[in-house]
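Please read the structure below before turning to the comments.
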Amino acid sequence: MLEWLSLALLAVGAFFFLAGTVGLLRFPDVYCRLHALAKADNLGLGFILLGLAVQADSLAAALKLLLIWPLVLAASAGVGFAIARRAHALGIAPWRKEAE
Amino acid sequence: MIGSIVRRALLFAGLWWVLAEGRHDGWLLGGVAVMAATWASLRLWPAAPMTLRFAGLLGFLHFFIVNSLRGGIQVAGMALRGRAALRPALIELTITLPAGGERVLLVNTLGLMPGSVGVDFHGTTLRLHVIDERLPVIAEARALETAIAGLFGRST
Numbered sequence: 093m094l095e096w097l098s099l100a101l102l103a104v105g106a107f108f109f110l111a112g113t114v115g116l117l118r119f120p121d122v123y124c125r126l127h128a129l130a131k132a133d134n135l136g137l138g139f140i141l142l143g144l145a146v147q148a149d150s151l152a153a154a155l156k157l158l159l160i161w162p163l164v165l166a167a168s169a170g171v172g173f174a175i176a177r178r179a180h181a182l183g184i185a186p187w188r189k190e191a192e
Numbered sequence: 002m003i004g005s006i007v008r009r010a011l012l013f014a015g016l017w018w019v020l021a022e023g024r025h026d027g028w029l030l031g032g033v034a035v036m037a038a039t040w041a042s043l044r045l046w047p048a049a050p051m052t053l054r055f056a057g058l059l060g061f062l063h064f065f066i067v068n069s070l071r072g073g074i075q076v077a078g079m080a081l082r083g084r085a086a087l088r089p090a091l092i093e094l095t096i097t098l099p100a101g102g103e104r105v106l107l108v109n110t111l112g113l114m115p116g117s118v119g120v121d122f123h124g125t126t127l128r129l130h131v132i133d134e135r136l137p138v139i140a141e142a143r144a145l146e147t148a149i150a151g152l153f154g155r156s157t
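Line order of the protein sequences matches chains V and S. For the first sequence, this note's numbering begins at 93 and goes up steadily by one. For the second sequence, this note's numbering begins at 2 and goes up steadily by one.
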């Protein structure tokens with residue numbers, strides 16, 4: 093039962109990582125790619141860690157896995173803002189949808 | 002002062018317990034690490050006046066998890082539909098949160114919320130990149146501001 097739950101969580105996590113990567117490849121500019129990477133990978137990582145945590149041998153080991161999430165989030169959120177700010181400072185104009 | 006030392010030391014001891022995966026043979030080194038971490042945290046982040054409220058923390062965590070789920074699902078859907086789904090724009094927003102930890106948390110968290118990434122920040126003007134200008138991004142940012150104000154024990 094727990095194994096199936098773990099499997100389902102891991103599959104959901106893999107889906108979000110895939111979606112984030114698809115966004116990175118398909119989106120038109122640096123800003124849109126940041127949206128895809130930051131938001132989708134955040135969820136991908138969260139679900140993968142949850143999936144691993146339910147299989148952990150002890151409570152402490154499960155918490156240790158879950159602790160990775162806020163640490164990576166803090167780093168990726170900060171880096172995402174830094175990249176966007178730098179791109180803006182360099183004068184990179186956001187891609188706009190052409191009028192239909 | 003004493004209260005915040007004890008609270009932080011307990012927090013770091015809990016962290017050590019997690020990092021050591023519940024083993025007991027490393028507590029000598031752990032004790033030194035806990036004391037060093039407590040000392041460093043008091044130097045870097047003095048006890049007053051920035052105090053996080055526990056109820057505000059729960060409220061913020063709930064808000065954060067719900068909205069990062071919404072944001073991730075939304076952008077995953079857009080990625081699968083391709084760039085036809087996008088309608089990006091830059092918008093500006095005047096924020097009311099006080100300078101310091103609140104604003105740092107706001108700009109950094111915005112990138113994980115539905116539809117927005119923080120781009121630039123000067124004075125009280127925050128510039129955001131929105132992935133679809135038809136989305137209610139301003140309302141989302143206001144809600145995040147309220148959640149952060151609650152976390153820091155202020156009400157807007």
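Virtual Cβ for every residue (Gly too), placed ideally from N, Cα, C. Just so you know, these numbers come straight off a predicted model, no measurement behind them.
- When the Cα atoms are used, leucine 163/V and glutamate 22/S turn out to be separated by approximately 17 Å.
- Residue state for phenylalanine 119/V is assigned as coil, using DSSP reduced to three classes.
- The alpha-carbon of methionine 79/S is positioned some 34 Å away from that of proline 99/S.
- Of the candidates Ala176/V, Trp187/V, Leu137/V, Ser150/V, the residue whose Cα lies closest to the Cα of leucine 102/V is Leu137/V.
- Residues of the same chain with a CB within less than 7 Å of the CB of alanine 111/V, apart from the 5 flanking positions on each side, are Ala132 in chain order.
- For leucine 113/S, the nearest beta carbon of chain V is closer than 9 Å to its own beta carbon.
- Contact between isoleucine 92/S and leucine 129/S holds, since their C-beta atoms are separated by about 5 Å, short of 8 Å.
- In chain V, no part has a C-beta under 8 Å from the C-beta of isoleucine 139/S; the shortest such distance is about 17 Å.
- Closest in alpha carbon position to phenylalanine 119/V, among Ala77/S, Leu106/S, Gly31/S, is Ala77/S.
- Between alanine 148/V and leucine 159/V a beta carbon distance of about 12 Å is seen, past the 8 Å cut, so the two are scored as non-contacting.
- Rounded to whole angstroms, the gap between the alpha carbons of phenylalanine 139/V and tryptophan 40/S is 34 Å.
- Taking a contact as a CB-CB distance under 8 Å, the pair valine 35/S and alanine 130/V does not count as one, their CB atoms being some 33 Å apart.
- Under the 9 Å criterion on CB atoms, phenylalanine 122/S is classed as interfacial with respect to chain V.
- Shown here, leucine 127/S sits in a strand according to DSSP, grouped into three states.
- Contacts with chain V at 9 Å (Cβ-Cβ) include leucine 20/S.
- By the beta-carbon neighbour count (other beta carbons within 10 angstroms, threshold 16), glycine 116/S is buried.
- According to the DSSP assignment, threonine 95/S belongs to the beta strand (DSSP E) that extends over 90-95.
- The three-state secondary structure of valine 35/S, taken from DSSP, is helix.
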